[in-house]
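Below is one structure, written out as structure tokens; comments come after it.
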Amino acid sequence: MVTRLPRLVVAAPASGHGKTTVATGLMAALARAGHKVSGHKVGPDYIDPGYHALATGRPGRNLDPHLVGEERLVPLLLHGAAGADLAIVEGVMGLYDGRIGGDGFASTAHVAAVTRTPVVLVVDISSASRTIAATIHGLCTWGAPPVDVVGVVLNKAGSERHAQEVVRSIGDRVPVLGILQRDDGIEAPSRHLGLVPAAERADAAAALDRLAAQIGEAVDLERVVRLASAAPDLPEAPWHPSVVHREVAASEGPGRPSPGGLPGRGARIAVAGGRAFTFRYAETVELLEAAGAEVVDLDPLTDTRLPEGTTGLYLGGGFPEMHAVELGANERLRRDIRTAIARGLPTVAECAGLLYLCESVQGPDGPPVPMVGAIEATAAMAPRLTLSYRTATAPADNLLARAGDVVTGHEFHRTHLTRLHQGDPAWLVPDPAGVATTRLHASYLHTHWAGHPRLARRFVEAAAAFRGPDLRHHGDRDAAPGLVDLAVNVFDGPRPAWLDRALADSLAEAGSYPDARDAEAAVARRHGRSADDVLATAGAAEAFTLLARLREWRHPVVVHPQFTEPEVALRSAGHTPGQVLLTRKDGFRLRPEEVPDDADLVVIGNPTNPTGVRHPAEAITALARDGRLVVVDEAFLDDDVETLADRRLEGIVVLRSLTKLWSIPGIRAGYVLAEPAVVRRLRDLQTPWSVSAPAIAALVATSTPHAQDEARRRADELATRRAHLEAGLRELGIETVASTAPFVLARTGPGSREALLRRGLAVRRADTFPGLGEEWVRISARRAAVTDELLGALRSLHPVPRKPVGIRRSGATVTSLRGNAER
Numbered sequence: 003m004v005t006r007l008p009r010l011v012v013a014a015p016a017s018g019h020g021k022t023t024v025a026t027g028l029m030a031a032l033a034r035a036g037h038k039v040s041g042h043k044v045g046p047d048y049i050d051p052g053y054h055a056l057a058t059g060r061p062g063r064n065l066d067p068h069l070v071g072e073e074r075l076v077p078l079l080l081h082g083a084a085g086a087d088l089a090i091v092e093g094v095m096g097l098y099d100g101r102i103g104g105d106g107f108a109s110t111a112h113v114a115a116v117t118r119t120p121v122v123l124v125v126d127i128s129s130a131s132r133t134i135a136a137t138i139h140g141l142c143t144w145g146a147p148p149v150d151v152v153g154v155v156l157n158k159a160g161s162e163r164h165a166q167e168v169v170r171s172i173g174d175r176v177p178v179l180g181i182l183q184r185d186d187g188i189e190a191p192s193r194h195l196g197l198v199p200a201a202e203r204a205d206a207a208a209a210l211d212r213l214a215a216q217i218g219e220a221v222d223l224e225r226v227v228r229l230a231s232a233a234p235d236l237p238e239a240p241w242h243p244s245v246v247h248r249e250v251a252a253s254e255g256p257g258r259p260s261p262g263g264l265p266g267r268g269a270r271i272a273v274a275g276g277r278a279f280t281f282r283y284a285e286t287v288e289l290l291e292a293a294g295a296e297v298v299d300l301d302p303l304t305d306t307r308l309p310e311g312t313t314g315l316y317l318g319g320g321f322p323e324m325h326a327v328e329l330g331a332n333e334r335l336r337r338d339i340r341t342a343i344a345r346g347l348p349t350v351a352e353c354a355g356l357l358y359l360c361e362s363v364q365g366p367d368g369p370p371v372p373m374v375g376a377i378e379a380t381a382a383m384a385p386r387l388t389l390s391y392r393t394a395t396a397p398a399d400n401l402l403a404r405a406g407d408v409v410t411g412h413e414f415h416r417t418h419l420t421r422l423h424q425g426d427p428a429w430l431v432p433d434p435a436g437v438a439t440t441r442l443h444a445s446y447l448h449t450h451w452a453g454h455p456r457l458a459r460r461f462v463e464a465a466a467a468f469r470g471p472d473l474r475h476h477g478d479r480d481a482a483p484g485l486v487d488l489a490v491n492v493f494d495g496p497r498p499a500w501l502d503r504a505l506a507d508s509l510a511e512a513g514s515y516p517d518a519r520d521a522e523a524a525v526a527r528r529h530g531r532s533a534d535d536v537l538a539t540a541g542a543a544e545a546f547t548l549l550a551r552l553r554e555w556r557h558p559v560v561v562h563p564q565f566t567e568p569e570v571a572l573r574s575a576g577h578t579p580g581q582v583l584l585t586r587k588d589g590f591r592l593r594p595e596e597v598p599d600d601a602d603l604v605v606i607g608n609p610t611n612p613t614g615v616r617h618p619a620e621a622i623t624a625l626a627r628d629g630r631l632v633v634v635d636e637a638f639l640d641d642d643v644e645t646l647a648d649r650r651l652e653g654i655v656v657l658r659s660l661t662k663l664w665s666i667p668g669i670r671a672g673y674v675l676a677e678p679a680v681v682r683r684l685r686d687l688q689t690p691w692s693v694s695a696p697a698i699a700a701l702v703a704t705s706t707p708h709a710q711d712e713a714r715r716r717a718d719e720l721a722t723r724r725a726h727l728e729a730g731l732r733e734l735g736i737e738t739v740a741s742t743a744p745f746v747l748a749r750t751g752p753g754s755r756e757a758l759l760r761r762g763l764a765v766r767r768a769d770t771f772p773g774l775g776e777e778w779v780r781i782s783a784r785r786a787a788v789t790d791e792l793l794g795a796l797r798s799l800h801p802v803p804r805k806p807v808g809i810r811r812s813g814a815t816v817t818s819l820r821g822n823a824e825r
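Okay, structure coming up:
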């Protein structure tokens, strides 16, 4: 296959001579003259291709042998120029300047030689005259082999007389294609990383029109086209993303998707754009789509939610530090992204994306501004620019790479991270700032996926497989027959005899429809409230379903990580609840200011399942406001400390359940405490006779003073069990969350739950709770003998450390427990 492609490379003796001005102007002038022009850029630069796209109406493309390999330069050139009748390739730096120490590798001359493309020089003549001829002569003859220089454009001429002096000195060595006078009106404004992207310039189109007109008048376009048409034909085949995916699939051997398969079928990947995220190679999206993914746009400056059905998120490069105030003001999207990442949304973030995911970013001026907060680090301006090609190695298996994988990339930033204390670095490079897990890959390193298509394919596969946490998962699934049950939060002692008698006696009422009024009156007496404040329910599950249907909620919010039934109920009722994610860094404690002001329904557990954290009553009541309902699930508030159940509060709804403390999971019994108007509306939605006779009997029996004495005794026993469990976990060096519930959330490390299962012990998986991952488990507080059996099994996974060992990771010092299997 031979392809004819007229083409030229626009090069210069050094940066600052006007390559971008002339190359972009040529593209625009030729396009306006009726040509279909394809714009390309030598090197990793993202900004110039943005101007090329504006000039040509086609995506700007990059040609960089370091990023994609020499062998892909021509195929990528032909791919980008498909359908065009002429290609203009803008060079980088000076003609022969490439990777430091690489003897011109990745230089403009290198790319021109590999692609067999003639070169047009742009030379700034503002500070010389006859010496310009010597400079041009050296550029034409110095290389080995020399490049094919076919013309020159003289830039920034001071006068006609000055320009003619230069032209005479050049003579017939190289044709002079045009002369440009000084014109500051066509200079693109710069900032700390170079030019301002075209997408950020409101005047970019008008400036381009002026430039096209000037180039069209000053440069001999017909001669330019003739010179481009003299370029030799290219025998290579164009690059194609679908072919690449088939080759990758075939190389991965049996057990992988078939070469013709689409690993991304069902993936919906949101790709950040807009003025803050302008850095992205065109082939990135093409590779995602060719793998079967649907790509949707996301503008973090203006969009307030992730697109519906998002299963993957790509945050490329740009200038978040320049738009920090606007990005920070979009609180709703920041929260949505933070929650989605905590729920395991496959996410790739390069440079700007890394900064955006940090807790805060400090721009060139002003204080730090809050960002997403998915990464425990802050970003600030650095004293100098980091700009370098890199060859990087993956330190461990993660979302994009496998341990030992080597990639080429580049860094281009003037920020640095502080306080990075999580996970493995994304890549091993001189400054391995960033973090990588099986679900997140965030790094300063920019990679071109056309050079490393496996990265794109792995991302798409993860996005296609993503379903989020299993919100319907319950602890009883973890406690299979034959296992020691530390997963289900039901008190494992015998029920009181008086409760068993009440349940048995209730069967005598099975011949008539149940009437819950006596139960509601008993609950009202127990809490010192009016019977009008009480609605008996078939457990908390029915209450959540009724509340989800109570109104056409505009912005319901569930505080996570917690019991997932409220979110299931809201989604089943047709709502898309927002999430407020409590974080490990804050001890999973509620900060009322984190709840959006426009939330009209807020659901929170107290203490929260699975963290066991008890929130002060004042923090919960601080959430109340006009037009908002605050629902507090007090299923584990067995000692009534910080309860809101004993007083009527405007806008506050309290839910209680008998299941756990009284060991009756098979009898769905619970109740709602709220203002009478709310109770009446909920009762109207309730299915008649939904609360069974045994549930009514249980409500009555457990509301007596005698029952409350027993409840306090059980709560004290559970506290003793919990303290024994926590002490044992601390001895093993296992991180726990301070709990006031009959369970403990422990960070035992990935794979520990499965290892315990093999030893016959069932603990509750925690990765089905939004905001937690597979390194966490929830452990029920059992009798000392059962707990000791668990601790013995954990000891084999987590040998007691002799002393902490300091290690360096991503520029931060962390403490590793010797022998800890968390990693």
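Taken in order, the sequence shown gives residues 3 to 825; the numbers are from the numbering used here.
Where is the CB? At the ideal position from N, CA and C, for every residue including glycine.
Out of the options, which has the shortest C-alpha to C-alpha gap to residue i?
{"i": "His-726", "options": "Arg-683, Ser-782 and Thr-689", "result": "Ser-782"}
{"i": "Phe-638", "options": "Thr-304, Asp-602 and Val-746", "result": "Val-746"}
{"i": "Asn-611", "options": "Gly-753, Ala-619 and Pro-772", "result": "Pro-772"}
{"i": "Ala-382", "options": "Val-374, Tyr-391 and Val-363", "result": "Val-363"}
{"i": "Gly-311", "options": "Val-779, Val-431 and Ala-467", "result": "Ala-467"}
{"i": "Leu-156", "options": "Leu-141, Asp-126, Arg-170 and Gly-173", "result": "Asp-126"}
{"i": "His-242", "options": "Pro-370, Ala-272, Ala-274 and Ala-293", "result": "Ala-293"}
Give a yes or no on whether the C-beta atoms belonging to residue i and residue j are separated by under 8 angstroms.
{"i": "Gly-20", "j": "Val-124", "result": "yes"}
{"i": "Leu-315", "j": "Leu-347", "result": "yes"}
{"i": "Asp-480", "j": "Ala-764", "result": "yes"}
{"i": "Gly-828", "j": "Ala-108", "result": "Any question about residue 828 goes unanswered here, given that the chain covers just 3 to 825."}
{"i": "Leu-303", "j": "Val-525", "result": "no"}
{"i": "Val-492", "j": "Pro-667", "result": "yes"}
{"i": "Glu-285", "j": "Trp-555", "result": "no"}
{"i": "Arg-658", "j": "Glu-636", "result": "yes"}
{"i": "Leu-442", "j": "Thr-449", "result": "no"}
{"i": "Val-374", "j": "Phe-590", "result": "no"}
{"i": "Pro-237", "j": "Val-4", "result": "yes"}
Which term fits residue i, buried or exposed, when burial requires 16 or more other beta carbons within 10 angstroms of its beta carbon?
{"i": "Trp-691", "result": "exposed"}
{"i": "Ile-217", "result": "buried"}
{"i": "Leu-195", "result": "Per-residue confidence for Leu-195 stands at a pLDDT of 32, beneath the threshold of 50, marking its modelled position as unreliable; the derived number appears in the next sentence. By the 10 Å Cβ count, Leu-195 comes out buried."}
{"i": "Ile-606", "result": "buried"}
{"i": "Gln-166", "result": "exposed"}
{"i": "Ile-102", "result": "exposed"}
{"i": "Pro-8", "result": "buried"}
{"i": "Gln-581", "result": "buried"}
{"i": "Pro-483", "result": "exposed"}
{"i": "Gly-104", "result": "exposed"}
{"i": "Leu-509", "result": "exposed"}
According to DSSP, simplified to helix, strand and coil, what is residue i?
{"i": "Val-828", "result": "Since the first residue shown for the chain is 3 and the last is 825, residue 828 is missing from the structure and cannot be characterised."}
{"i": "Met-3", "result": "coil"}
{"i": "Ser-171", "result": "helix"}
{"i": "Thr-645", "result": "coil"}
{"i": "Gly-145", "result": "coil"}
{"i": "Trp-500", "result": "helix"}
{"i": "Tyr-1", "result": "Look at the range of the chain in this structure, 3 to 825, and you will see that residue 1 is not part of it."}
{"i": "Pro-77", "result": "helix"}
{"i": "His-325", "result": "helix"}
{"i": "Leu-473", "result": "coil"}
{"i": "Phe-590", "result": "coil"}
{"i": "Leu-792", "result": "helix"}
{"i": "Ser-692", "result": "coil"}
{"i": "Ser-754", "result": "helix"}
Quickly, what does DSSP pair residue i with across the bridge? List them, please.
{"i": "Ile-606", "result": "Val-634"}
{"i": "Asp-126", "result": "Asn-157"}
{"i": "Ala-444", "result": "Ala-351 and Val-437"}
{"i": "Asn-64", "result": "Lys-43"}
Quick one: is residue i near chain C, going by C-beta distance under 8 angstroms?
{"i": "Gly-20", "result": "Absent here is chain C; the protein component of the structure consists of one chain."}
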